[in-house]
Structures are given as structure tokens and as C-alpha cells.
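Going by the UniProt record's numbering, the sequence shown opens with residue 1, and the numbers climb by one from there.
In this text, a Cβ means the ideal position worked out from N, Cα and C, and glycines have one as well.
Here is the structure we will look at.
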Amino acid sequence: MKGIILAGGSGSRLSPSTNSINKHLLAVYDKPMIYYPLSVLMLGGMKEIMIISTPYDRPRFEELLGDGSAFGISLTYKEQSEPNGIPEAFIIAEDFIGNDDVTLILGDNIFYGQGFTTLLRKAIKNHHYATVFGYRVKDPERFGVVEFDHLKKVISLEEKPEEPKSDFAVTGLYIYDNRCIDFARKLSFSKRGELEITDLNKEYLKRSQLDVQLLGRGFAWMDAGTHESLFDAAEFVKNIQQRQGFKLACLEEISYYMGYIDKETLFKKGKSMEKNDYGKYLLEIADRKHTQQYWEAIDRNPMLGLVENE
1 MKGIILAGGS GSRLSPSTNS INKHLLAVYD KPMIYYPLSV LMLGGMKEIM IISTPYDRPR
61 FEELLGDGSA FGISLTYKEQ SEPNGIPEAF IIAEDFIGND DVTLILGDNI FYGQGFTTLL
121 RKAIKNHHYA TVFGYRVKDP ERFGVVEFDH LKKVISLEEK PEEPKSDFAV TGLYIYDNRC
181 IDFARKLSFS KRGELEITDL NKEYLKRSQL DVQLLGRGFA WMDAGTHESL FDAAEFVKNI
241 QQRQGFKLAC LEEISYYMGY IDKETLFKKG KSMEKNDYGK YLLEIADRKH TQQYWEAIDR
301 NPMLGLVENE
């Protein structure tokens, strides 16, 4: 399974903050926004990940994250010259995907919840064709809406319907088999001038090959693409971290507990940032006794349920 983060676009909804910087590099409380979707793919078990951004912003992502070796993973980069829609990511990444299946996440999506890692890994392990993640919202007319039967089989998909058939929105996290590349190539541009992810999902739906994984009330899903939602996401992360004492989407912590980097590497990373809370947090982890504290950390942190399904 390969992973893709789509972090392109103009970021116009966050202007003027994004007039000189890609929105996915903006801070969501104490770390760049891109850390959150990257942590999801890492927790899902993916070590080969491509970040797709604009030609202007690609060097900034490379400067921030490098080739991924600092986290024990492999990161590659490609450019989307124009915001032509989510499905174009599969065309751009065709060589990277090769013969593998692929999980794509949008760069401004944040997921949180007890057992999320287990749910994601099971969805990846059990998927056959295509899987989308549904989340209950109070204003479904603003989103792509998924309707499903009592067996959680998808019946219909609608993009921003005036009269939604359900109150479950399709989130920005998708799992596809390798055919997504060919399906994406055959899509036509919509009235918005983009290739629509809903149209790609409909290609699977008409073959009865689209599944939905519902995120229940114990989960949080945020799209940090507006000023209001960016503020709300930062406030959410701040409250969770300060109340419970762990950090969300800490890439070094995830890498360490998954065995991608060793304690010495973690310690050196912490020392390089020891004057702020993030660096001090890494030093605290490196100072723990590996076994007992490992399980205590997993019990405390729902974003680190790394071995719940192993």
C-alpha cells in the first residue's frame, strides 16, 4: 500500500495568510498542518509516501520533511501545476503507485479518536476495491454525501446536495485499488473545471465496489481549510495536548514507537529543539523505559494505538 498526501491548491479560503505560504505549512497549534495527514498514513502502516504540491511550494515541503529518513520512512514529491481536482493525484503519481493499491489523504484533514489506528488498519487490510470514510455532520449540504443501507453498503453519492439523503459526509481519506489510475484518466472535468473525487467514487459504486467506513461519535474529523476551522483545529489540539499530556501527530514519537528510529535518534532530535515544548516532549519519551512506558503511552494516546490489531 502506497500513501499520497495532496497538498496543492491556492489556499484562497485562507487568504491573505496563504498569499506567501502554502496553507499546509501553516501551524495547527504547535506543528505544521502537513504533520497531521502524514501521521495518519504512518499510523496506517505506510512507509512509502508521496506529497503532491505546487511547483512553488514543493521545495518548502522538501526543506521541512526531507526524504523522510528522519522518520524512518521514504518521502517523494511531485507537482500539481494547476488545481485540477483530487483524482489528478493518481495520474501524477502513476509511476510511484506502480502496481500497488493506494491510500490518499487531503493535506488539510485532521482525524482523531480512540482506536482510530485500529479502524484505519483494518479498513486497509480488509479493503478490496474502494473505501471511503463517512462522518456525521450537521450541515451535509456543504459536503459530498454518502447514503448507505443497513449493511453499510453504499447506495448513492451526491456532491453538495440541496436535499441530502443522509447526514454523513465523505471525508478526505480514501483507499483505492490500482484501477483508480485508469478510472481517473477517463473522468471528465466538471462545471467547476476540476476532476471530481465524487465522480471517481461513482465509478466504483456503479460496479458495487465502494465501501463506507463510518467514524462514530468518538471520533473527530476537521477540515482546516478556512480561518474558522483552522482556529478550531488549533484550539482542539491545544486542549487535548494540555489536558492529557501527549502530542497529536508527533511524527518522531510515532516513528520511535513503530521501530523506525532508535532512542538515540529521538534524543538527538529532541536536543535540537530542547528550548521549546516539542523538543522537551521528545526528550521525555527518549528518557522512558522502553517497555512499560511504551504501553502506558499507547493507553494514553488514541493516536498511538499502534499494535491494537496486530
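Any idea if LYS23 is buried or exposed, counting beta-carbon neighbours within 10 angstroms, 16 or more meaning buried?
-> Buried, because 16 or more other Cβ atoms sit within 10 Å of the Cβ of LYS23.
Below 8 Å, can you find three or more Cβ-Cβ pairs linking the region 202 to 213 to the region 150 to 157?
-> The region 202 to 213, when compared against the region 150 to 157, does touch it at the 8 Å Cβ threshold.
Contacting residues, own chain, Cβ-Cβ under 8 Å from ILE91 (five flanking each side not counted) = So the list reads ILE181, ALA184, ARG185, once near-sequence residues are dropped.
Around the Cβ of SER39, are there at least 16 other Cβ atoms within 10 angstroms (buried) or fewer (exposed)?
-> Residue environment: SER39 is assigned as buried (16 or more neighbouring CB atoms within 10 Å of its CB, all protein chains considered).
Could you work out which residue in ASP262, ASP211, LEU104 is closest to HIS128 when comparing CA atoms only?
-> The alpha carbon of HIS128 has as its nearest neighbour, out of ASP262, ASP211, LEU104, the alpha carbon of ASP211.
Alpha carbon of THR291 to alpha carbon of GLU163, nearest angstrom | The pLDDT assigned to THR291 is 43, lower than 50, so where the model puts this residue is not dependable; a value taken from the coordinates is nonetheless given after this. Approximately 53 Å, taken between the alpha carbons.
How long is the line joining the alpha carbons of ASP299 and LEU43, rounded to whole angstroms?
-> For ASP299, the predicted model reports a pLDDT of 46, less than 50, meaning its position is unreliable; a value from the coordinates is still stated below. When rounded, the distance between both Cα atoms is 15 Å.
Residue of GLY193, TYR174, THR103 minimising C-alpha distance to ASN201 | Out of GLY193, TYR174, THR103, TYR174 has the C-alpha closest to the C-alpha of ASN201.
Mind checking SER188: buried by the 16 CB within 10 Å criterion, or exposed?
-> So SER188 counts as exposed.
Per DSSP, what kind of secondary structure is TYR204 in: helix, strand or coil?
-> Three-state result, TYR204: helix.
Beta-carbon separation of GLY11 and LEU106 under 7 Å?
-> Remark: C-beta atoms of GLY11 and LEU106 do not approach each other more closely than 7 Å.
Less than 7 Å separating the beta-carbons of GLU48 and LYS2?
-> In terms of Cβ geometry, GLU48 and LYS2 form a close pair [threshold 7 Å].
For the 8 Å Cβ check, are there 3 or more pairs between the region 70 to 87 and the region 14 to 32?
-> With a cut-off of 8 Å, the region 14 to 32 and the region 70 to 87 do not count as touching, because too few Cβ pairs lie within range.
Indicate the three-state DSSP secondary structure (helix, strand or coil) for LYS2 in the structure shown.
-> Three-state result, LYS2: strand.
Label GLU196 either buried or exposed according to how many other C-beta atoms from any shown protein chain fall within 10 Å of its C-beta, with 16 as the threshold for buried.
-> Classification of GLU196: buried, given that the 10 Å Cβ count is 16 or more.
Which runs of the alpha helix (DSSP H) spanning at least 4 residues fall entirely within the region 3 to 60, listed in chain order?
-> Runs of alpha helix (DSSP H) with 4 or more residues, each lying fully within the region 3 to 60, are found at 35 to 43, listed in chain order.
By DSSP, does VAL237 sit in helix, in strand, or in coil?
-> In the three-state DSSP reduction, VAL237 falls in the helix class (H, G or I).
For my contact list, GLY72 and SER255 are in at a C-beta cut-off of 8 Å; report their separation, rounded to the angstrom.
-> Approximately 5 Å separates the beta-carbon atoms of GLY72 and SER255; this is inside 8 Å, confirming the contact.
Answer with buried or exposed for residue 316, where buried requires no fewer than 16 other C-beta atoms within 10 angstroms of its C-beta.
-> A question about residue 316 goes unanswered here, because the residues of the chain that appear run from 1 up to 310.
Using the Cα positions of LEU251 and ARG136, report the straight-line distance between them to the nearest angstrom.
-> Using only the alpha carbons, I get a separation of about 28 Å.
Under a Cβ-count criterion, where at least 16 other Cβ atoms within 10 Å of its own Cβ denotes burial, should GLN213 be classed as buried or exposed?
-> So GLN213 ends up on the buried side.
Would you mind sorting LEU64 into buried or exposed? The rule is 16 or more other CB atoms within 10 Å of its CB.
-> By the Cβ-count criterion, LEU64 is exposed, with fewer than 16 other Cβ atoms from all chains shown falling within 10 Å of its own Cβ.
Could you spell out where the alpha helix (DSSP H) holding ALA184 opens and where it closes?
-> According to the DSSP assignment, ALA184 belongs to the alpha helix (DSSP H) that extends over 180 to 185.
Outcome for THR226 when other beta-carbon atoms lying within 10 angstroms are tallied against a minimum of 16 | THR226 is exposed by the Cβ-count criterion.
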